[in-house]
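Novice:
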Amino acid sequence: MQAKVMQSRLLELIRRTSSRLPDDVVRVIERGRRREQPGSTAEYALQVILDNIAMARDKSLPLCQDTGTIICYADLPAWLDESAFATSFSRAVAQATKLGYLRQNSVDSLTGKNSGTNLGPGSPSYHLHQTRGRSLLVRLILKGGGCENVGAQYSLPDTKLGAGRDLAGVRRCILDAVHQAQGKGCGPGILGVCIGGDRGSGYVASKEALLRTLDDQNPEPSLAKLEKQIVQEANTLGIGPMGFGGATTLLGCKIAHRNRLPASFFVSISYMCWAYRRDGFALSESGKITRWLYA
Amino acid sequence: MLLEAPFTEAKIRALAVGEMVEISGLVFTGRDAVHKYLHDGGKPPVDLTDSIIYHCGPVVVQEKGRWVVKAAGPTTSIREEPFQGPLMERYKIRGVIGKGGMGPKTLEYCQKVGGVYLHAIGGAAQVLAERVVAVEGVHLMEEFGSPEAIWEFRVERFPVVVTMDSHGRSLHRDVLAASQEALARLL
Ligand code: SF4
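Protein chains in written order, with the working numbering: chain A, 1 to 295; chain B, 1001 to 1187.
Written out as structure tokens, the structure reads:
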């Protein structure tokens, strides 16, 4: 495949991700709206959100003006090396920025200067792996700043929360994080959680958990149970959409786990706003999109 | 319920927390740079009497010689907490649109001045941009750049929820307290 073809496919992936939410997310937001009291501010907020989702999709414009951190996950087959992929993707990002699919959103942390292209140290954020498969798999998450700011990491035991080093302790941390966030992360939100790892790998895994769909099932039964419990309990807190109060505080919770050192026990929580932009595709060596991963 | 310009003190004092309001009239955008500028004694380039300030860094482009708003969602308001109240008092700003709510200082000034905080739906960039029917001017563009400039937006039925009113009520404070209790019961 020519680099030009690859770049145009990746540009299409960015456009789609920025302008449309995956169906699994839309369905859960719709379910939330039906559950809210007719005439309530919560129902109103969710209706505006649903209208916005439909409008962005129709007009092919960014769902939210904060097009967020660009987190790119790719499984690279033998026919493609890392640097060739990253070059094509970075070019697609710069082009997407020029076309307005992405906002100029990447600022030099020392000088405060905006690069204007979304390119710079750490931007986009790449997570590349080799695969034995024949196809290139690319998954993309656009994660806004407002919700990233309400993420949290706990080190257990936490005496203030009464949280010990077990799943009961993990549950306390997660519910505390939902409460701390209130409506500030543009709730209703979705949590990606990692139990264990170090401070860095824990947060990385918490974001990877957001690659799962809302209707899937955690293969680990104890975590599957905890995920359901968290969503159900968080929705009794009464925080509601935008923090207006209501029954829809959390749309989903996805929990991963990593081994840890005997000395540490971290719970890392990434909060994703309702504008949960995630998409992905499989691309053949000839440059054909063979499958959309979240359609 | 409709809130139409002019945004007089009487109209603003009639609003109460929890009301869903649609705004029609002129609103001015302003975020960090504008608030700091006004707070430091900068002269307002527009008449702020009985005005509404919108915490928003819009995406506005020029098409065929006119400004078109591409995205216009709210930004986080709490960053302006130190400035907002005193500015409301000095210029008789009656309304503040944003997201995430503001703190006790702003709430106090809402009571004193006759002001409200109006919460827009965070992230709803397209719905909100559609309700901006015209751009009537832009100020401090050279100084602060497009997202930080003061844009004069003519809005029609711009949807917000009153979350802080002039009677001392804050929905943010109430929801925080109620959810704190609910959390304590769960834990
Ligand atoms: S938190 Fe999400 S919905 Fe809210 S402004 Fe940021 S990206 Fe948009």
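Using N, Cα and C, we set each Cβ at its ideal position, and we do this for glycine too.
Does DSSP put B:P1045 in a helix, a strand or coil?
Specialist: Taking the second sequence and counting its residues from 1, the one referred to as residue 1045 of chain B is at position 45. In the structure shown, B:P1045 sits in coil (DSSP, three-state: anything other than H, G, I, E or B).
Novice: Does the beta carbon of A:Q248 sit closer than 8 Å to a beta carbon anywhere in chain B?
Specialist: Working through the first sequence from its first residue, we reach residue 248 of chain A at position 248. Strictly speaking, residue 248 of chain A in this sequence is Thr, with Gln absent from that position. False, the Cβ-Cβ gap to chain B never drops below 8 Å.
Novice: Quick check on this structure: which residue in A:P188, A:R33, A:I255 has the alpha carbon closest to the alpha carbon of A:L226?
Specialist: Along the first sequence, read from residue 1 onward, the residue named residue 226 of chain A stands at position 226. It is A:I255 whose Cα lies nearest to the Cα of A:L226.
Novice: What separation, rounded to the nearest whole angstrom, lies between the Cα atoms of A:S222 and A:H129?
Specialist: Here the question's residue 222 of chain A lines up with position 222 in the first sequence. Here the question's residue 129 of chain A lines up with position 129 in the first sequence. When rounded, the distance between both Cα atoms is 28 Å.
Novice: With contact counted as at least three CB pairs below 8 Å, one residue from each stretch, are the stretch 116 to 136 of chain A and the stretch 147 to 156 of chain A in contact?
Specialist: These segments do not touch.
Novice: Measuring alpha carbon to alpha carbon, tell me which of A:E220, A:G287, A:A234 ends up nearest A:Q180.
Specialist: For the purposes of this step, residue 180 of chain A is identified with residue 180 of the first sequence, where counting begins at 1. The shortest C-alpha separation from A:Q180 is found at A:A234.
Novice: So what's A:N52 in DSSP terms, helix, strand or just coil?
Specialist: On the first sequence, position 52 is the one that residue 52 of chain A refers to. In the structure shown, A:N52 sits in a helix (DSSP, three-state: H, G or I).
Novice: So the candidates are A:P241, A:D81, A:S123, A:R16; which of them puts its Cα closest to the Cα of A:R57?
Specialist: Residue mapping note: residue 57 of chain A aligns to position 57 of the first sequence, counting from 1. Of the candidates A:P241, A:D81, A:S123, A:R16, the one whose C-alpha sits nearest the C-alpha of A:R57 is A:R16.
Novice: Could you tell me which residues DSSP pairs with A:F281 in its beta bridges?
Specialist: Start at 1 with the first residue of the first sequence, and residue 281 of chain A comes out as number 281. Paired residues: A:V138, A:W292.
Novice: Can you confirm whether A:L237, when its beta carbon is compared against all beta carbons of chain B, has any partner nearer than 8 Å?
Specialist: Residue numbering aside, residue 237 of chain A sits at position 237 when the first sequence is read from its first letter. Chain B, which has a Cβ nearer than 8 Å to the Cβ of A:L237, makes this yes.
Novice: Any C-beta of chain B sitting closer than 8 Å to the C-beta of A:R37?
Specialist: As a working mapping, residue 37 of chain A is identified with position 37 in the first sequence. Per the sequence presented here, residue 37 of chain A reads as Gln, with Arg not at that position. A:Q37 does not count as touching chain B.
Novice: Of the residues B:H1035, B:I1052, B:L1107, B:P1086, which one's Cα is nearest the Cα of B:R1079?
Specialist: Along the second sequence, one-based indexing puts residue 1079 of chain B at 79. Nearest of B:H1035, B:I1052, B:L1107, B:P1086 to B:R1079, Cα basis: B:H1035.
Novice: Less than 7 Å between C-beta atoms, sequence neighbours within five positions excluded: which residues of the same chain meet that for A:E30?
Specialist: Within the first sequence, residue 30 of chain A is the residue found at index 30, counting from 1. L50, listed in sequence order.
Novice: Could you tell me which of B:A1134, B:T1163, B:R1157 sits nearest to B:L1003, measuring between CA atoms?
Specialist: Residue numbering aside, residue 1003 of chain B sits at position 3 when the second sequence is read from its first letter. Of the candidates B:A1134, B:T1163, B:R1157, the one whose C-alpha sits nearest the C-alpha of B:L1003 is B:R1157.
Novice: When you compare only the Cα positions, how much space is there between A:Q172 and A:V267?
Specialist: Residue numbering aside, residue 172 of chain A sits at position 172 when the first sequence is read from its first letter. Residue numbering aside, residue 267 of chain A sits at position 267 when the first sequence is read from its first letter. Looking at the sequence shown, residue 172 of chain A is not Gln but Arg. So the alpha carbons of these two residues sit roughly 10 Å apart.
Novice: By the DSSP assignment, the alpha helix (DSSP H) with B:V1017 in it spans what residues?
Specialist: Taking the first residue of the second sequence as 1, we reach residue 1017 of chain B at position 17. Neither: B:V1017 is in no alpha helix (DSSP H) and is coded neither H nor E.
Novice: Counting contacts by CB-CB distance shorter than 8 Å, is B:T1076 in contact with chain A?
Specialist: Sequence index remark: in the second sequence, residue 1076 of chain B carries index 76 (1-based). Answer yes: the Cβ-Cβ gap between B:T1076 and chain A drops below 8 Å somewhere.
Novice: Rounded to the nearest angstrom, how far is the Cβ of A:S270 from that of A:Y203, given a contact under 8 Å?
Specialist: Numbered from its first residue, the first sequence carries residue 270 of chain A at position 270. Numbered from its first residue, the first sequence carries residue 203 of chain A at position 203. Sure, about 7 Å apart at Cβ, within 8 Å.
Novice: In this structure, how does DSSP classify A:M272 when only helix, strand and coil are distinguished?
Specialist: Here residue 272 of chain A refers to the residue found at position 272 of the first sequence. Reduced to three states, the DSSP call for A:M272 is strand.
Novice: Is there at least one Cβ from chain A nearer than 8 Å to B:K1105's Cβ?
Specialist: The residue labelled residue 1105 of chain B in the question sits at position 105 within the second sequence. No - not a single Cβ of chain A is within 8 Å of the one on B:K1105.
Novice: Hey, could you find the ends of the beta strand (DSSP E) A:K254 is sitting in?
Specialist: Taking the first sequence and counting its residues from 1, one reaches residue 254 of chain A at position 254. Run containing A:K254: 250 to 257, per the beta strand (DSSP E) assignment.
Novice: Kindly indicate which three-state DSSP category A:L80 falls into: helix, strand or coil?
Specialist: By 1-based counting over the first sequence, the position of residue 80 of chain A is 80. Coil, per DSSP.
Novice: Could you tell me the distance, in whole angstroms, from the CA atom of A:T249 to the CA atom of A:A78?
Specialist: Translated into the one-based positions of the first sequence, residue 249 of chain A becomes position 249. Translated into the one-based positions of the first sequence, residue 78 of chain A becomes position 78. Approximately 44 Å, taken between the alpha carbons.
Novice: Strictly by DSSP, which residues pair up with B:V1034?
Specialist: Residue 1034 of chain B sits at position 34 when you count from the first residue of the second sequence. B:V1034 is not bridged to any residue.
Novice: I need the straight-line Cα distance from A:L211 to A:D24, nearest angstrom please.
Specialist: Counted from its first residue, the first sequence places residue 211 of chain A at position 211. Counted from its first residue, the first sequence places residue 24 of chain A at position 24. Computed Cα separation, rounded: 12 Å.
Novice: Suppose you measure from the CA of A:P219 to the CA of A:H257; what does that come to, to the nearest Å?
Specialist: By 1-based counting over the first sequence, the position of residue 219 of chain A is 219. By 1-based counting over the first sequence, the position of residue 257 of chain A is 257. Between A:P219 and A:H257, the C-alpha separation is close to 12 Å.
Novice: Would you call the stretch 1053 to 1060 of chain B and the stretch 1134 to 1152 of chain B touching, i.e. three or more CB-CB distances under 8 Å?
Specialist: Contact between the stretch 1053 to 1060 of chain B and the stretch 1134 to 1152 of chain B is present, because at least three Cβ pairs lie under 8 Å.
Novice: Is any heavy atom of the ligand SF4 found at a distance shorter than 7 Å from the C-beta of A:W274?
Specialist: As a working note, residue 274 of chain A is residue 274 in the first sequence. A:W274: yes, Cβ under 7 Å from the ligand SF4.
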